[in-house]
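Asks:
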Amino acid sequence: MKIATWNVNSFKVRLPHVLDWLATTQTDVLCVQETKMEDKVFPYAELQAVGYHAVHNGQKTYNGVAILSRLEMTDVHLDIPDFEDVQKRVIAATIDGVRVVCGYMPNGQAVGSEKYDYKLQWFAALTRWLKNELAQHPKLALLGDFNIAPEDRDVHDPVAWKDQILCSEPERAAFAKLQALGLQDAFRLFEQPEKIFSWWDYRQMGFRLNRGLRIDHILLTSELAERCRSCLVDKAPRKLERPSDHAPVIAEVANGA
DNA sequence: ATGGCTTGAGTGTCAAGA
Numbered sequence: 460m461k462i463a464t465w466n467v468n469s470f471k472v473r474l475p476h477v478l479d480w481l482a483t484t485q486t487d488v489l490c491v492q493e494t495k496m497e498d499k500v501f502p503y504a505e506l507q508a509v510g511y512h513a514v515h516n517g518q519k520t521y522n523g524v525a526i527l528s529r530l531e532m533t534d535v536h537l538d539i540p541d542f543e544d545v546q547k548r549v550i551a552a553t554i555d556g557v558r559v560v561c562g563y564m565p566n567g568q569a570v571g572s573e574k575y576d577y578k579l580q581w582f583a584a585l586t587r588w589l590k591n592e593l594a595q596h597p598k599l600a601l602l603g604d605f606n607i608a609p610e611d612r613d614v615h616d617p618v619a620w621k622d623q624i625l626c627s628e629p630e631r632a633a634f635a636k637l638q639a640l641g642l643q644d645a646f647r648l649f650e651q652p653e654k655i656f657s658w659w660d661y662r663q664m665g666f667r668l669n670r671g672l673r674i675d676h677i678l679l680t681s682e683l684a685e686r687c688r689s690c691l692v693d694k695a696p697r698k699l700e701r702p703s704d705h706a707p708v709i710a711e712v713a714n715g716a
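Sequential numbering of the first sequence, starting at 460, is according to our numbering.
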């Protein structure tokens, strides 16, 4: 089973890229973030026409998450329970015995800001909820735009980014708490080249100069991690006309009996 | 230098992203 995550920065604008990419990579499950649309305009029919079921938790203009899957999805769940939030950032579903959780984690804007506090509270709530989910689902995958670069090697210029948003110690501690639940960073299960990132600023030729951060992640329970055969960032869609500022991250998991 | 792009809203220009 190929599972992937991609912050598309508008599903309306990026739908052609997504359809091309699904056809090329033969991805089975794609978690999408920043759809920026309401459920009523989500392109279910276009996806169904190419063989994908879809579930969406959206809102106008901001946020919005979806799971696209070739296999049936059951037990679809929206949002983090017991956490008041008008922002649509979480959707989960069970696919072929795997609990798939898709998240668009808050950006935080600036260390010390109100949005930063919200980000840390949001991660705390996610962690509380996942502790329960993990008790019920030994095969669980958490995929999404985490808006956290876990280590300095995930940052093109660690000195410039030190203690800045996406790299601050409290954010990295929040990421570590998720790992402490038993979730492993699929990308780091394998030898990887240096300077691999998943997001590059649109400005100042960020992509061409490879000034990026690795902030999009696939986290796996040990049951899935031991079946994980590969994990990589696919930079190809970032090179297209009118790209998302994020590239997809894809992992292959041998989920057969 | 709070800039530098991109998107959505909505038709002039701003919020938000990371």
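From the three backbone atoms N, C-alpha and C, an ideal C-beta is built for every residue, glycine too.
My guess is that residue 689 and residue 467 are in contact by the Cβ rule of under 8 Å, so how many angstroms apart are they, rounded?
Replies: The pair is not a contact, with the Cβ atoms about 22 Å apart (cut-off 8 Å).
Asks: Answer yes or no: do residue 646 and residue 708 have a C-beta to C-beta separation smaller than 8 Å?
Replies: yes
Asks: With a threshold of 8 Å, are at least 3 pairs of Cβ atoms found where one atom belongs to the stretch 601-619 and the other to the stretch 683-702?
Replies: no
Asks: Where does residue 466 sit, in a helix, a strand or coil, going by DSSP?
Replies: Strand.
Asks: Using a Cβ-Cβ cut-off of 7 Å (strictly less than) and excluding sequence neighbours within five positions of residue 554, which residues of its own chain qualify?
Replies: 488, 528, 530 and 532
Asks: Kindly indicate which residue of 511, 671 and 662 has the alpha-carbon position closest to the one of residue 490.
Replies: 511
Asks: Who are the Cβ neighbours of residue 570 in its own chain at under 6 Å, not counting the five residues just before and after it?
Replies: 624 and 627
Asks: Check whether the stretch 577-591 and the stretch 537-554 touch, using three or more Cβ-Cβ pairs below 8 Å as the test.
Replies: yes
Asks: Pairing CB atoms from the stretch 646-660 with CB atoms from the stretch 590-600, are three or more of them under 8 Å?
Replies: no
Asks: Are residue 469 and residue 493 close, meaning C-beta to C-beta below 8 Å?
Replies: yes
Asks: Measure the alpha-carbon distance for residue 496 versus residue 634 and round it to whole angstroms.
Replies: Per the coordinates, the alpha-carbon of residue 496 lies some 28 Å from the alpha-carbon of residue 634.
Asks: Are residue 516 and residue 547 touching if we call contact CB-CB under 8 Å?
Replies: Yes, the Cβ-Cβ distance between residue 516 and residue 547 is below 8 Å.
Asks: Taking only three categories from DSSP, how would you classify residue 477?
Replies: helix
Asks: My guess is that residue 583 and residue 678 are in contact by the Cβ rule of under 8 Å, so how many angstroms apart are they, rounded?
Replies: The Cβ separation is near 16 Å, so there is no contact.
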